[in-house]
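Following: one structure in structure tokens, then a few remarks.
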Amino acid sequence: MEMKGERRIPAPRQLVWERLNDPETLKGCIPGCESIEKISDTEFTAKVVARVGPVKASFSGKVTLSDLDPPSGYTISGEGTGGVAGFAKGSATVALEEDGAETVLRYGAQGQVGGKLAQIGSRLIDATARKMADEFFTRFVGAMSPESATGS
């Protein structure tokens, strides 16, 4: 499964970079995220509950950041296990580009699943992954909007 996308964020690139690396911001933006903990500057652990068709699973996993180029971008890789539901793993490149007072975030992601999840069918898995990515970026853009910063 592969996805690409672009979002315009109403905030300066440095602030977007900082929030992309902030566990509390990420927890609020990742659909189904129950916890996220920063282990080091390049590692996080997380617990996420996800539903793919008839299968609902709680995934525990590790996220690693590499190819760091602050505040321009990085590669984010993750792998999680969901017990009998199977596993999910993937990576994404994230690029941040300044455009006046805003930031353009571009991403390209690849992922794969195994176990019961793999038996569900690639169309349903792809649709769920796209929906989760869209929800993450919608929430992230919302968290970065000037209204959310001022509490309006």
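Count the sequence shown with the numbering used here and you get residues 1059 to 1210, in order. Backbone N, C-alpha and C fix where the C-beta goes; we use that ideal spot for every residue, glycine too.
Assuming Ser-1135 contacts Ser-1149 under a Cβ cut-off of 8 angstroms, what Cβ separation, rounded to an integer in Å, is found between them?
4 angstroms
Do you know how far the Cα of Phe-1145 is from the Cα of Thr-1161?
33 angstroms
Can you check DSSP and say which residues form a bridge with Ile-1134?
Leu-1123 and Ala-1150
Is the separation between the beta-carbon of Thr-1186 and that of Val-1110 shorter than 8 angstroms?
yes
Ala-1159 burial status per 10 Å Cβ neighbour count (16 or more: buried)
exposed
Within 8 angstroms, strictly: CB atoms of Met-1061 and Arg-1164:
no
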